[in-house]
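Below is one structure, written out as structure tokens, with a few remarks after it.
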Amino acid sequence: MIVAALIILGPLAAAVLILALRRLAPALALLGAGVSLIAALFTLSRVANGAAYSATLPGLPGLPLRLVAEPLTAVFAALVAVVGFFVMVYAVGYMRGEGGLVRFFAGMSFFVAAMQALVLAGDWVLLLAAWELIGFSSYLLIGFWFERPGIAPAASRAFLYTRSADLGLYAAIFVLISQTGTSEISRTLQAGGAAAVAAGLFLLLAAMGKSAQTPLHGWLLDAMAGPTPVSALLHSATLVAAGAILLIRAFPLLPPAVLVVVGVVGGLTTLVTGLTALAQRDLKRLLAASTASQYGLMLLAIGAGVPVAALFHLLAHAAMKSSLFLGAGVFQHASGDSTELADLEGMGRARRLTFLGFVIAGLALAGVPPLSGFWSKDAVLAATFVSPNAWLLAPLALAGTLLTGLYVGRALRLLWRGEGESEPVAGERWMGAGLAVLVVLAATLGLAMPPVAGLLGAELSEETLLVAAVGLVAALIGLALGWALPTGRLLGPVYGLAGRGFRVGGGFDGLVARPALGFARALDVFDRGIHAGVLAVGGFGLALARVADTMSDGIHAGVLAVGSASLAVARASRVIDDRGIDGLIDALVRGTRDLGARARELQSGLVHRELLLAAAGVALVFALLIAGSVGS
Amino acid sequence: MTTLIVALAVGAILFGVGLYGALSQTNLVMIMMGVEVILGGALVNLVAFWRFLHPEAYSGQMFVLIVMTVMALDMAVGFGVATGRFRARGSIEMEEARDLKG
Amino acid sequence: MLQTVFTGLFGLAAIWFAVVVFRTSSMVRSALALLFSQAAIGAMFLAMQTEFLGVLQLTMMATEMAIMAIFMVMYMMDPGGLGGMDMTHQKRASQVSGALGGLAALAVAFFVGWGPIAAEVRPGEQVRGLGLEIMERSMLIFETAGVTILTAMIAATAIAIKRRGKE
Amino acid sequence: MNAVMAILMLLVGAYLVAVLEGWVSTGRLRPAGPITSGLALLGRESVVPRRPDRIFFEVAPPLLLVAALLAAAVLPLSPGLIVADLATGALFVNAAWVYVMVALLMAGWGPNGAYAMVGGFRFLGQTVGYSMLIVMALTAVAMRAESLFTTEVVKSQAALPNAIYQPVGFVLFFLAAMAVAFLPPLDLPTAPGELAGGVMAEYTGWRLAVMRLGRAVLVVTLAAAVSVFYLGGWLGPVLPPWAWSALKTLLVAAVMLLLGRYVPRLRETHVLEWGWKIGIPLALLNIFYVGVLLLVV
């Protein structure tokens, strides 16, 4: 178990040492990540041989700090360690010549450590702590270049979005602990009934925030403001993955009613963010939108009841997306620190080796055999096709696959066409090394799927040739269309909307209004009884399904429908913003300020006066206690 | 029994005296002295309880140790604040501390 | 019996010195009166057969209050009390609350039934018993207290130290 | 009986120390010196300075003497010859010595004189630092004896005296003891050269006599403490136990006094700096070292 603890302690010690020594930051960070990697692989091999550990802090068994190394958590830990290590290798090159290396590498190491703690946590309290820590450290890293304009607001926005969704996790844990009386994850997962429904929905909310699912996906595009290694880590294995990991781990808890909602949310996200990705003019923002879309696919798989498929897609996606981001970082440096697609035109021609890696990872993402993405996407598709809600989920999954092909094709075309000039890139060797390993992983991870499935003891959905063929055709059509057609023609009227990422209600105002609205709605649901709430959600899903049905008539019409629907939602939410919610918040603010002014008068600064008040207060408390004990 | 009552009475009177002192004095160090007297009364009570009610439970003595720690902390932080204030304002009179208001 | 007498006598001394603390206008006297008040409390501990704590109280409070005397001299307008300044305020409120607080505590002391009284304690075992308590059951508490003291030391120094760059 | 014996021994010791001190500081050995100068002091007028803090002025000299005597009460001369064998003996000695500081503080403030006050406050700073050293060194000693009884401490040294078992602690304790007894070169509170006698400057007549007596007794108790805690107290071959105790105590006192003859007086800042910055870390290391010796070796 000490080895398992090293997974967390390695990067943590590295972060502390970097901050303490203030030199040798890259070497120390690499060392920490390396220790974590070795420990994670060792733990995985031990667990593969049938061992399972669970450990609490020695000496204090009462404290809720429990680490669990079972097949699922060990696989996750290995994933995080691998991606973390190679991204760190890449970062050594990428950050060469930048200032603030100490801050950067300490933050990265701490980030990895927090994520490992989240992955290995065997207790809700520890998980919650780690959950907050990754949010915090990602805030620090996204805002790394805080002196540049627009970066600080982007970091705050990412932080606040995820924070407000975190309330869901608090609520879920509260429900679970009060229901089962323990904070041990494995034991709380046996809860059932209304508690499971409520907890499941709250968990879904938390996961939606972290994994950037519609309608909480807005922050992810802005989070691109950070350094590229941060984005790579953020999107592949840490912050964004945390949401999906949470749902995969909590899968035994989720009752069918919640699963439907999970699937619908995932499907919706796949569509919306897929379209967003198509319309982006910035390579990193395109990749970010595609991340949200891929996580939507994972949620689809979970909703279809096959978490293993989601897990596979998570693993494959981690390798693919991190290599895509790392490639984008190389292009960025080569073009003089720009990620605008217009500036990157023809960059692929200029840096062929990097472009090769980018193409492999991109094709894998689109789902071209025999690359890893094909297998994982196939598993997701198969899961949706055999699920009881296949009529609802399968078309969504197919549409997601198609959209993936579209935007990958578009990105490749833009990078290849045109004449690009490349500047020399500092630290190319380190970057190349990190990138190469991850590309190889992205290509070959498909081979690892049967053993992993065996390790987890899970059954994959039956493979059918039909499903594979349909998926492959969708991907190829998407690639071809994306390569051939300019986006404006493809998207038509929703192009502008998609470019803004389908923001609901617009920007920061939504941050205040949306949680308030959601809270009111949740209270309403509670009023009418949870059962009715679930029914209502089910009805909503049905309505969506009908929309999806019409969509299969023709992509064009479907896209149009989605676009106008979201326009209507946006308009409605703005109206609500202006009238009801704003007024309410204003009143709240005024009340608080008045109260503060009153309280301020007590605070005279004269210590003796305050002591007198304190004595009077204590006397009052005693009087109340005595009165209470006499009364009872 | 008598000894317990005597000790408790001493503790109670010390508490009263200390409370009066902490409230009536105009400057920071003297207020701290009042607090020390109050804590001294608490100590007497704790030791009396330990000795006459539960001599087998050493957590009583542990509690006394902790209160002594608190007294030392009170001193250390109080003197730190007094020094800082004296540097900034040239006085530790609390009547003149209106600038501490929030 | 003898125990009661000694406890009472030392208690009277503690109260007397505590009153002197707030009655004298010489600041050094008032600090040393507090010292002797606390020392009398330590002597009460000894009279109540709580040997280790008594000796500890005698040691610690002597050092603490002597340091307090130095601070009084440093920061007071009239440390010798030769000017006869009035250093009190909100007198009536303080007197009332002090009297009320003391009376309430006295009432509790007299009117609560305290249950059976333990007869004897053996001083020889106390040091050992307390040591075991500290090192076993209450270790976490004790360590916390230690860390707290360290923090307070650093914090107090940080507050009191002269700012760099000023003057 | 024990008490009378102990006080007698103490007085004899104090007398011898006074003779030694006279010899060390003047270079002339006058066995009857303390008697003559004591009588002279008693005969002289005891001047009270203008506007003194009368209580402090009167109480300080006896308090010094009483504190020194209290410290002596828990130090054994021989297995049976101890006034009070307290369960907290090793801590109690320190408590008594702290009151030496209180006495000097009062003596410094009482007479309303500048030199005296400076001396008193100097001693406060000095003792706060060095009584810390004493406690820390004694912690290591008590760790070896697994007891705070002074008699147990002596018995624990049957195989090897602490001076060899923990030399760092021994040196620290020895120096700290000299600082507590304000012996030269650490005689900053009295400092004849710069403060003209410091805390003792304003005292004359019988009050000065009491103070000198108290100081001599203090030196004896500190020497006795060194012998009890580090040199094995009454343990020794051939001679009777009390003789060993007396011999060791006098020897330590002589060394303490002789050191002052050959080392120049230190600066106040240096004394404090070395006490806090070197002495206390070393004392902590010593505790650690003894712990390792006890648990591992």
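Protein chains in written order, with the working numbering: chain E, 16 to 647; chain L, 1447 to 1548; chain R, 6 to 172; chain V, 189 to 485.
Ideal placement from N, C-alpha and C gives every residue a C-beta, glycine not left out.
All values derive from a computational prediction rather than experimental measurement.
Please identify the residue among V:L473, V:A471, V:L401 and V:W430 whose C-alpha is closest to the C-alpha of V:G226. Checking every option, the nearest Cα to that of V:G226 belongs to V:L401.
Is there a Cβ from chain L that is less than 8 Å from the Cβ of E:A528? Here E:A528 scores only 47 on pLDDT, less than 50, and its place in the model should not be relied on; the value that follows carries that caveat. Output row for E:A528: interface = no.
Against R:Q95, what residues of chain E qualify as contacts under a CB-to-CB distance less than 8 Å, listed in chain order? Ordered by position in chain E, the residues that pass the 8 Å Cβ test against R:Q95 are H623, R624 and L627.
Okay, do the stretch 342-352 of chain V and the stretch 305-321 of chain V touch, 3+ Cβ pairs below 8 Å being the bar? At 8 Å Cβ cutoff, the stretches do not touch.
Alpha-carbon spacing of V:R239 relative to L:G1530, whole angstroms: Between V:R239 and L:G1530, the C-alpha separation is close to 33 Å.
Taking Cβ-Cβ distances shorter than 7 Å, what residues in chain V pair up with R:A71? Those are M289, V290, L293 and L312, listed as they occur along chain V.
Is the shortest distance between the beta-carbon of V:L274 and the beta-carbons of chain R less than 8 Å? Closer than 8 Å to some Cβ of chain R, the Cβ of V:L274 qualifies, so yes.
Determine the closest residue to E:A209 out of E:A222, E:Y422 and E:Q194, with distance taken between C-alpha atoms. Nearest option by C-alpha distance: E:Q194.
Own chain, CB closer than 6 Å to E:H348, minus 5 neighbours either side, in chain order: Cβ neighbours of E:H348 beyond the five flanking positions: V440.
Using three-state DSSP, classify E:V519 as helix, strand or coil. Here E:V519 scores only 46 on pLDDT, less than 50, and its place in the model should not be relied on; the value that follows carries that caveat. Three-state result, E:V519: coil.
E:D297 - DSSP class collapsed to helix/strand/coil: Strand.
Give me the residue from E:S337, E:G122 and E:H332 with the minimum Cα distance to E:A381. When C-alpha distances from E:A381 are compared across E:S337, E:G122 and E:H332, the shortest belongs to E:H332.
Going by C-alpha to C-alpha distance, which of E:G318, E:L148, E:P270 and E:L283 sits closest to E:G122? Distance check between E:G122 and each of E:G318, E:L148, E:P270 and E:L283 places E:L148 closest, using alpha-carbon atoms only.
Runs of alpha helix (DSSP H) wholly within the stretch 343-402 of chain E (minimum 4 residues, chain order): List check, alpha helix (DSSP H) in window: 362-365, 367-381 and 387-401.
Determine whether the Cβ of V:V341 lies closer than 8 Å to any Cβ atom of chain R. It does not: the Cβ of V:V341 has no partner Cβ on chain R nearer than 8 Å.
Using three-state DSSP, classify R:E138 as helix, strand or coil. R:E138 falls in the helix class under three-state DSSP.
Looking at C-alpha atoms only, which residue of E:G150, E:V577 and E:T88 is the closest neighbour of E:V134? Of E:G150, E:V577 and E:T88, the residue nearest in Cα terms is E:T88.
From E:G611 to E:V645, what distance separates their C-alpha atoms? The alpha-carbon separation between E:G611 and E:V645 amounts to approximately 36 Å.
Look at the alpha carbon of E:A426 and the alpha carbon of E:G342, and state the distance between them as a whole number of angstroms. In this structure, the alpha-carbon of E:A426 lies about 12 Å from that of E:G342.
Under three-state DSSP, which class holds E:R178? If DSSP states are grouped into helix, strand and coil, E:R178 belongs with the helices.
Out of E:E85, E:F161, E:Y68 and E:D138, point me to the one whose CA is closest to E:G114's CA. E:G114 has its Cα closest to that of E:F161, out of E:E85, E:F161, E:Y68 and E:D138.
Beta-carbon spacing of E:A457, E:M335 below 8 Å: Yes, the pair counts as a contact, with Cβ atoms nearer than the cut-off.
Nearest chain L C-beta to R:L58 closer than 8 Å, yes or no? Interface residue, yes.
Assuming V:G307 contacts V:T214 (C-beta within less than 8 Å), just tell me the rounded distance between them. The Cβ separation is near 22 Å, so there is no contact.
CA-to-CA distance, E:S201 to E:A67, given in whole angstroms: When only Cα atoms are considered, E:A67 and E:S201 end up about 13 Å apart.
So, for E:V527: in the same chain, excluding its five sequence neighbours on each side, which residues have a beta-carbon less than 6 Å away from its beta-carbon? Note that E:V527 scores 45 on pLDDT, short of 50, meaning its location in the model is unreliable; the coordinates nonetheless yield the value given after this. Result list for E:V527: empty, nothing under 6 Å.
Go ahead and label E:E443 buried or exposed: buried means 16 or more other beta carbons lie within 10 angstroms of its beta carbon, across all protein chains shown. With a 10 Å radius around the Cβ and a threshold of 16 neighbouring Cβ atoms, E:E443 comes out buried.
Going along chain R, which residues have a C-beta under 7 Å from V:N282? Here the neighbours are T64.
Rounded to a whole number of angstroms, what is the C-alpha to C-alpha distance between R:F57 and V:T276? Between R:F57 and V:T276, the C-alpha separation is close to 6 Å.
Bridge partners for L:Q1471 per DSSP, in chain order? R:T93.
May I ask you to report which of helix, strand or coil DSSP gives V:E246? Shown here, V:E246 sits in a helix according to DSSP, grouped into three states.
Burial state of L:L1489 (16 or more Cβ within 10 Å): Buried: at least 16 other Cβ atoms inside 10 Å.
What are the boundary residues of the alpha helix (DSSP H) that E:S124 is part of? Segment L116 to L135, the alpha helix (DSSP H) holding E:S124.
Output yes if chain E places a C-beta closer than 8 Å to the C-beta of R:A23; else output no. Output row for R:A23: interface = no.
Between E:L378 and E:A489, how many whole angstroms is the CB-CB distance? I'm expecting something under 8 Å. Not quite, the Cβ-Cβ distance comes to about 14 Å (not below 8 Å), so this is no contact.
C-alpha gap between E:D358 and E:D352, whole angstroms: It is roughly 10 Å from the alpha-carbon of E:D358 to the alpha-carbon of E:D352.
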